[in-house]
DNA sequence: GTTCTTACA
DNA sequence: TGTAAGTA
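Residue numbers (the UniProt record's numbering): 1 to 118.
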């Protein structure tokens, strides 16, 4: 299928699909005219990509763990140590982000309370 | 008409 | 990420 069809089936814009390719997440073949050709498997792969992005992983991390996911897997699950490790690592990363945000919120709370009293 | 690349906001 | 230009 061509890019617009994959976009239709996944809800991902052609722009984003080209970006995924640029980031090494998709490897579409090319027609003689230069058009990208995606197999039906790409639909599943894009769904995996979307799921991992939803989980907060950046494209670099996804590019590293995507090859670890078998093509016939429709429900993404940690099938290899690398994937499990990448997910655990991402969890650690976002935990740090949450802590920094919470600290920022505490500061804002103090500032807001100080404002209320003056 | 659709898609491609490149580039800018 | 959206959009525009100029092609194939």
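Even for Gly, the Cβ is constructed at its ideal location relative to N, Cα and C. Predicted, not measured: the structure shown is a model, and the values here were computed from it.
query                                                                                                                            : result
Buried versus exposed call for residue 13 [16 or more other C-beta atoms within 10 Å across all chains shown]                    : exposed
Identity of the residues DSSP links to residue 105 by a beta bridge                                                              : Answer is none; residue 105 lacks a bridge partner.
Cβ-based burial, residue 35 [other Cβ within 10 Å; buried from 16]                                                               : exposed
Which listed residue (49, 105, 9, 10) has its alpha carbon closest to that of residue 26                                         : 49
Three or more C-beta pairs below 8 Å linking the region 101–112 and the region 63–82                                             : no
Contact belief for residue 59 with residue 23 at Cβ below 8 Å, rounded distance in angstroms                                     : 4 Å
Beta-carbon contacts of residue 29 that lie in its chain and below 6 Å, excluding the five residues immediately before and after : 37
With 16 other Cβ atoms within 10 Å as the buried cut-off, status of residue 62                                                   : buried
Own chain, CB closer than 8 Å to residue 64, minus 5 neighbours either side, in chain order                                      : 82, 86
For residue 56 and residue 98, believed in contact at Cβ under 8 Å, the rounded distance                                         : Not a contact, Cβ separation roughly 11 Å.
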